[in-house]
Amino acid sequence: MHTAGCDILSDKKYKMETNELNAWFGSFQAIKNVSMKIRGNLTTAIIGPSGCGKSTLIRCLNRMHEVTPKARAKGRVLLDGEDIYSRDVDPVEIRRKVGMVFQKPNPFPTMSVFDNVAFGLRANGIRDEEFITKQVERSLRQAALWKEVEDNLDGCGAGISGGQQQRLCIARALAIEPEVVLMDEPCSALDPIATSKIEDLIFDLKEHYTVIIVTHNMQQAARVADYTAFMYLGELIEYSKTKRIFENPEEELTEKYITGRFG
Amino acid sequence: MIYGNLKVRKLKDRLAYAIALLCVFAAAVPLISILLDVLVKGLPQFSVEFFTSELPSPGTGEPGGIGPAMIGSMYVIMIGSAIGIPIGIFSGIYVSEYGNNWFGRSVRFLTEVLSGLPSIVVGIFAFLLLVLGLGGPTAYAGGFALSIIMVPVVSRSTEESLKLVPNTIREASLALGVPRWKTTLNVVLSHGRAGIITGVILSIARIAGESAPLLLTVGWSPFVQTSISEPISTMPVLIYLYGTSPYENWINVAWGTSAFLVIFILSLSIGVRLLTRGKFAYSRL
Amino acid sequence: MSPRKAYQEELDKLSSRLEKMAGMTKKAIAMAVESFERHDMEMVEKVRELDERTYGNLVKAEKEIIRIIALHTPVAGDLRFIATSLKITTDFDRIVRYATDIADIAERTSEMLHFKASVSTPHMAEMAVKMVDLAVDSFTKKDLSKTKEVFELEQKVDSLYDEIFREVLTYMMEDSQKITMGMNYQFVARYLERIADHACNIAERVVYMETGERVRM
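Line by line, the protein sequences are chains A, B and C.
Each residue of the first sequence is one higher than the one before, counting from 8 in the numbering used here.
Each residue of the second sequence is one higher than the one before, counting from 10 in the numbering used here.
Each residue of the third sequence is one higher than the one before, counting from 1467 in the numbering used here.
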C-alpha cells in the first residue's frame, strides 16, 4: 500500500482516521485492515470496482454499518482523535457530527420540502421556530437549492426532480451542521446537468466541511477530490493526492483500474 | 423457428378465460343474492323511527326501532377498539422494526394463530374469564372479546405496512443522528400510515359484524344502556334473537338491522379502498 | 479480452503511425547526407518527398491524438503516452526539415568538389541516425536502457561537431577557395547536431512517459 504524496501532518490536523479497520457482513469480510488518515476541509474520494468495500468503508465512518443486520466492524475510527467505536460512545451522537447523503435521493415523501430540511433539527429537540426557519434557508442556500424552492417550501418533498431531491437531501444533512459529510455515490442516479451542479456544490462545501465521497465515476473523482483512495477487494491499494493518482500512480493495479483495463 | 399451432393456442386461451369467468360468477352469485335478499327485505324498514325508537315488544303491532342496539353495538366496538387497536399497532411495530429475532418471530406466529381462532372460541374465553368469573354478561366483556379478534388484524396490517416502508427512509433518518425509536415513530409510522389506517378501519368493519363472541358475553337488554358493566343490546345479537322469533314485527326489524349492518360494513370496506387508491394516498391521509 | 477495445486499437494505431514517421525520419537523414556526399539529385527529390509525407503524417497523428483526448479521457500511463506522442511528432517534423535543409545544400553544392580528407560528416550522420533509432525504439518498446545510450551518443555527437568545426576552419584558413564549401560543411554539421538534439528530446520525453519525471540532458 502506497501513500506517496501524502505529507505527514501532525495527527491533530487529520479530521478522521481509520486504524486497522475490518468489517464483515455475516461471515463475508468486506474490509480488510484499512488504515487511512483523512484531512479536514478537503474532499477525499474513494474509488474502486463494485464490491471493493468503498460503501462499507464510509458507512463505518458514521457507524451506519452496524445498522444492517449481521454486520459488524472491528478496529479504530478516530474523529478528531477520539475513537468512535469505543464503548462509551453513542452512535447517535456520531451521526450528528458525521452526516451522510445516499446514492438514491431519499427525501421523506410524507413531509414538505421545509419539513424535510427541518427534520433533523426538530428530531434533535430544537424548538425555536425562528432559528429553524433560518437554518432551513441557510442549508438550502448551501445546497444551491434555495432559489428553486423558496416559493414552494410547502411542496411535497418527493414532488421535485431527482437532482433537486438529492440537493434537498444534502440540505437536510447540512441543516444539523455536521463536521464531516459522507456521500455515497451521490450523483449516480442523476443526469449530467444535475451532476455538475452537485459537483460544484461539493467544491463549495470544502470551506466548512470535510467531504468524503464514494464514486464509481473516476472522472468525477478527478474533478472534485483533492485526495483519492483506491480500494480493491476490501483492501486499500493506494491513497494519495488526486493529481498524482491520475498522472502517475504507484501501483499497477491502480493504473489498470483507472485506465479502464480491469478485465 | 417453430412455434406450434397458433389457432390451438388461441382457443386454449379463450377457454381458460371462459372458465375463469365462470368461476367468478360462481363466487359472485351467492354474494349478490344474499345482498339483494337482505336489501330487498330490509331497506323498506328504514325510517327515522327505525333508527331512533326503542326496541319493540314482541308480537304487538308497534314498529319500534333499533336505537338502543345501535348504541350498544357502538359501545362494544369502542371498547374493543380502545383495547385492540393500540395493542395491535404496537405489536405490529415491534415485529416489523425490532423483531428480527426468535422472540419477534414467535410473536408473529402467535398472531397468526390468534387470527385463525374461531370467534366462538374467543367468546367462550371471554365468557369464562369475565362473565362467569365476574358475575354476569357485560358490555365490557363483549368489548374485550372483540378486541382479541381485532389485535391480529391490526397487528398484521401494521406490520405489513411498515415492512413496505423502504429502508432508505429509515437510513435517512438514522444518518441524521435520530435515535431508533424516534425514527420509528416520526418517520416510519408516518410513511406507513395509509396502510395502518386501512387496517384499523377494516378491523372495525370486521368486529362490527361479529356475533358469536357477543352472544356469549353481552347478554341482552331491551332498554337503552348507559353503563358498560351491564348486559347490553347489540345489532348482531338482535338479528339472532328477533330473526329466530315467531313474531312478524321482530322478524321485520331483524331484516332492517341486517340491511343496516351490511351497508355499514360494505361502506367501511369500500370507503377505505377508495381512500387509499393511487399515489395521492399520502396527502389524503 | 481486455475492455476498451476500441480505445486500445486507437492507441495502437497511433503507435504504428509514429513508428512509420520514425522510419521516414531515419531514411530522410541517411538519404540527405548521402545526397550531399554523392551529389545525387534524385535523392534530393526523394528527401523532399519524404518531407511532405512526414508532414502529412504529422497532421494525421495530431488529429488522432486530439480525438483520443476528447473521446477517451486518457489518464495515468495513457495520458503520458499521448502527451509524449504529441511532442515527438514535432521532433520528427523538425528532424526531417533539417534533413531537407541538408538536401538543399546538396543541391547547391552539386557542382562543387569535396575536400580530400573526408570530413567526418558521414560518421556524424550515422550517429544521428542511430540516436533517432534508439530514441524511437525506447519509445515503442518502453525501454529506458536505450535512452541512456542516446544521452551518451549525444555527448559523442557534440564532440564530433567540435572536431568538424575545427577541421573545416583549418581547411578554410589554409585556402580561401575552400571557404564556400567549408561553410556548407559547417551547415551540414550544424544540422546534424540539431538533429541529434531532437533525438535527445525524444529520449527525454520517453523518460517522462515511463517514470513521470522530467529530465534534461
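For glycine and all other residues, C-beta sits at the position ideal for the given N, C-alpha and C.
Tell me, please, which residues DSSP counts as bridged to residue i.
| i | result |
| --- | --- |
| A/GLU242 | A/TYR239 |
| A/ARG79 | A/TRP31 |
| A/TYR21 | A/ARG46 |
| A/ASN159 | Paired residue(s): none; A/ASN159 is not in a bridge. |
| A/SER247 | A/THR235 |
| C/VAL1602 | DSSP output for C/VAL1602 lists no bridge partner at all. |
Please name the residue, chosen from the options, that lies closest to residue i on a Cα-to-Cα basis.
| i | options | result |
| --- | --- | --- |
| B/TYR84 | B/LEU155, B/GLY101 and B/LYS21 | B/LEU155 |
| A/GLN226 | A/ASP211, A/PRO76 and A/GLY267 | A/GLY267 |
| C/GLU1508 | C/ILE1554, C/ARG1470, C/SER1551 and C/ALA1569 | C/ALA1569 |
| C/LEU1658 | C/MET1578, C/TYR1627 and C/LYS1471 | C/TYR1627 |
| C/ILE1630 | C/GLU1500, C/ARG1656, C/LEU1610 and C/TYR1674 | C/ARG1656 |
| B/GLY151 | B/ASP46, B/SER90 and B/LEU45 | B/SER90 |
| A/PRO112 | A/ASP191, A/ASN131 and A/PHE253 | A/ASP191 |
| A/ASN224 | A/PRO114, A/ASP90 and A/GLU206 | A/GLU206 |
| A/TRP153 | A/ILE101, A/ILE54 and A/CYS176 | A/CYS176 |
| B/MET79 | B/PHE269, B/ILE92 and B/THR120 | B/PHE269 |
| C/VAL1672 | C/LEU1600, C/LYS1644 and C/VAL1595 | C/LEU1600 |
| A/ASN40 | A/THR50, A/THR63 and A/ILE54 | A/THR63 |
| B/VAL49 | B/ILE274, B/LEU284 and B/ASN261 | B/ASN261 |
| C/ASP1557 | C/ARG1660, C/SER1611, C/MET1683 and C/TYR1674 | C/ARG1660 |
| B/TRP264 | B/LEU275, B/LEU173 and B/PRO245 | B/PRO245 |
| C/PHE1547 | C/TYR1674, C/MET1590, C/VAL1681 and C/ARG1682 | C/TYR1674 |
| B/TYR137 | B/LEU225, B/GLY201 and B/ALA203 | The identity of residue 137 of chain B in the sequence shown is Leu, whereas the question assumes Tyr. Answer by Cα proximity: B/LEU225. |
| A/SER195 | A/ILE219, A/GLY170, A/CYS163 and A/GLU24 | A/GLY170 |
| A/ASN48 | A/GLU157, A/ASN26, A/VAL218 and A/GLN142 | A/VAL218 |
| A/ALA125 | A/ILE183, A/TYR234, A/LEU212 and A/GLN172 | A/ILE183 |
Start and end of the beta strand (DSSP E) containing residue i?
| i | result |
| --- | --- |
| A/ARG46 | 35-46 |
| A/VAL105 | 105-108 |
| A/ALA52 | 50-54 |
| A/VAL218 | 217-221 |
Buried or exposed: where does residue i fall if 16 or more other Cβ atoms within 10 Å of its Cβ makes it buried?
| i | result |
| --- | --- |
| A/TYR264 | buried |
| C/LYS1529 | exposed |
| C/CYS1666 | buried |
| B/SER100 | buried |
| B/VAL33 | exposed |
| C/GLU1679 | exposed |
| A/ARG94 | exposed |
| A/ASN255 | buried |
| B/TYR107 | exposed |
| B/LEU24 | exposed |
| B/GLN54 | buried |
| B/LYS5 | Only positions 10 to 294 of chain B appear in the structure, and residue 5 of chain B is not among them; the question remains open. |
| B/SER292 | At B/SER292, the pLDDT of 49 sits below 50, so the modelled position is not reliable; the number obtained from the coordinates is stated separately. Per the 10 Å Cβ criterion, exposed. |
| A/ARG103 | buried |
| C/ASP1567 | buried |
| B/TYR12 | exposed |
| A/LYS20 | exposed |
| B/SER170 | buried |
| B/PRO95 | exposed |
Please list the terminal residues of the continuous alpha helix (DSSP H) segment that includes residue i.
| i | result |
| --- | --- |
| C/ASP1628 | 1610-1640 |
| A/ASP87 | Element bounds for A/ASP87: n/a, residue is neither H nor E. |
| A/ILE183 | Where A/ILE183 is concerned, there is no enclosing alpha helix (DSSP H), given that its DSSP letter is neither H nor E. |
| B/ILE75 | No alpha helix (DSSP H) contains B/ILE75, which DSSP labels as neither H nor E. |
| A/THR266 | It is not in any alpha helix (DSSP H) - A/THR266 carries neither H nor E in the DSSP assignment. |
| C/LEU1545 | 1542-1574 |
| C/GLU1475 | 1471-1504 |
| C/PHE1653 | 1645-1677 |
| B/ALA150 | 148-173 |
| C/TYR1682 | Correcting the residue identity first, residue 1682 of chain C is Arg in this sequence and not Tyr. Looking at the DSSP string, C/ARG1682 is not in any alpha helix (DSSP H), and its letter there is neither H nor E. |
| B/TYR26 | 15-51 |
| A/ASN123 | 120-130 |
| A/ARG145 | 136-149 |
| C/THR1520 | 1507-1538 |
With a cut-off of 8 angstroms on the beta carbons, I'd call residue i and residue j a contact; round off their distance for me.
| i | j | result |
| --- | --- | --- |
| C/ALA1669 | C/SER1625 | About 18 angstroms; that fails the 8 angstroms criterion. |
| B/TRP259 | B/PRO67 | 6 angstroms |
| B/ALA221 | B/ILE129 | 4 angstroms |
| C/MET1639 | C/GLU1620 | Their Cβ separation, rounded to whole angstroms, is 29 angstroms, which puts C/MET1639 and C/GLU1620 out of contact at 8 angstroms. |
| B/THR147 | B/ILE237 | 7 angstroms |
| A/CYS59 | A/TYR239 | 5 angstroms |
Is residue i close to the ligand FAD? I mean its beta-carbon at under 6 angstroms from any heavy atom of the ligand.
| i | result |
| --- | --- |
| C/MET1647 | Because no ligand of any kind appears in the structure shown, any question about the ligand FAD cannot be addressed here. |
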